[in-house]
């Protein structure tokens, strides 16, 4: 079977697509495709010629069409629908997340439960799709352990997001975040990894606040320790601005504390964080320090099973 995965290249979208395609266990081709302005800004239902709207740097989307195409995110949705249409319906189109266009343009749509989508081709998930497995974490931990062997246990992995199109992590807000993290300093060695969304000045502030103590701050240069930190961590602290990041942390089954970004309320990630707390999966940072156990479902495998039924 020929299989394509298509994203705009962003880390979160790519991780979702890879999670499903790897759960399927089929060979696949991953394509990075970006649509030109102004088309990418338009409502998706008005993008009928999406295959003609790609930037020159995008991977080619030309026949022969695959038997299955998996897309993720609003910006890639019209591409999967267009391939399905161009193939005369022979290509099964699966879209991860809400496509923000007609749901019947796809054979299967996989939104998160909080999107409240409904229809005969809707397969909702409660958690984000991810690639985290015990074997992956064990391998990453073994590779990164020598890098942190000088730091005393327990290890507290701190995953920090940052600004989005609806939220800006300003220096003032960053200062509040640093103050919140200070309360965890006495609990163990802080292994802090920011993201590109954190911003250079905010990362510099983190290094100023924590370097020199029993801590490590990744500065986005060199190899990314993200998986290594998930594997090595005895505890996790994660900001509440990324459903993907919170899900991947929860997939470890380790004690998970959620750090609410200052003034970050009412968003889907913030509501997802509250769901994790309500289900006893996570606790808010500031709650008593301790151990607890939980598991979350393997959503990627559930989606893979739904796709197999689609192909039957």
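Numbering (my numbering), first residue to last: 488 to 799. A virtual CB, placed ideally from N, CA and C, is assigned to each residue, including glycine. Remember, it's a predicted structure, so these values are computed and weren't measured experimentally.
Three-state class that DSSP yields for residue i in the structure shown
{"i": "residue 492", "result": "strand"}
{"i": "residue 565", "result": "helix"}
{"i": "residue 820", "result": "This structure cannot speak to residue 820, because the chain is shown only from 488 to 799."}
{"i": "residue 783", "result": "coil"}
{"i": "residue 702", "result": "strand"}
{"i": "residue 668", "result": "helix"}
{"i": "residue 624", "result": "helix"}
{"i": "residue 658", "result": "helix"}
{"i": "residue 762", "result": "helix"}
{"i": "residue 741", "result": "coil"}
{"i": "residue 697", "result": "helix"}
{"i": "residue 797", "result": "helix"}
{"i": "residue 684", "result": "helix"}
Opposing strand residues paired with residue i [DSSP bridges]
{"i": "residue 643", "result": "677 and 722"}
{"i": "residue 713", "result": "Note: residue 713 sits in no beta bridge, so no partner."}
{"i": "residue 755", "result": "The partner list for residue 755 (beta bridge, DSSP) is empty, contrary to what the question assumes."}
{"i": "residue 579", "result": "555"}
{"i": "residue 612", "result": "599"}
{"i": "residue 746", "result": "726"}
{"i": "residue 651", "result": "654"}
{"i": "residue 774", "result": "772"}
Straight-line Cα distance separating residue j from residue i
{"i": "residue 659", "j": "residue 542", "result": "38 Å"}
{"i": "residue 601", "j": "residue 755", "result": "8 Å"}
{"i": "residue 552", "j": "residue 604", "result": "28 Å"}
{"i": "residue 751", "j": "residue 728", "result": "8 Å"}
{"i": "residue 563", "j": "residue 683", "result": "21 Å"}
{"i": "residue 549", "j": "residue 532", "result": "21 Å"}
{"i": "residue 489", "j": "residue 717", "result": "33 Å"}
{"i": "residue 622", "j": "residue 741", "result": "15 Å"}
{"i": "residue 570", "j": "residue 538", "result": "8 Å"}
{"i": "residue 611", "j": "residue 536", "result": "28 Å"}
{"i": "residue 775", "j": "residue 588", "result": "44 Å"}
{"i": "residue 498", "j": "residue 574", "result": "28 Å"}
{"i": "residue 624", "j": "residue 593", "result": "34 Å"}
{"i": "residue 770", "j": "residue 724", "result": "10 Å"}
{"i": "residue 513", "j": "residue 787", "result": "14 Å"}
{"i": "residue 795", "j": "residue 707", "result": "38 Å"}
{"i": "residue 441", "j": "residue 780", "result": "For residue 441 there is no data in the structure shown, the boundaries of the chain being 488 and 799."}
{"i": "residue 670", "j": "residue 713", "result": "22 Å"}
{"i": "residue 693", "j": "residue 554", "result": "47 Å"}
{"i": "residue 656", "j": "residue 690", "result": "11 Å"}
Which listed residue (the options) has its alpha carbon closest to that of residue i
{"i": "residue 640", "options": "684, 694, 701 and 498", "result": "701"}
{"i": "residue 615", "options": "507, 646, 771 and 647", "result": "507"}
{"i": "residue 760", "options": "636, 775 and 743", "result": "743"}
{"i": "residue 793", "options": "514, 709, 749 and 595", "result": "595"}
{"i": "residue 675", "options": "692, 720 and 651", "result": "720"}
{"i": "residue 523", "options": "544, 782, 510 and 513", "result": "544"}
{"i": "residue 681", "options": "672, 705, 608 and 768", "result": "705"}
{"i": "residue 547", "options": "559, 566 and 530", "result": "566"}
{"i": "residue 772", "options": "582, 505 and 672", "result": "672"}
Quick one: which unbroken beta strand (DSSP E) runs of 3-plus residues sit fully inside the region 495-550? Chain order, please.
Entirely contained in the region 495-550, the beta strand (DSSP E) runs reaching 3 residues are, in chain order, 516-519.
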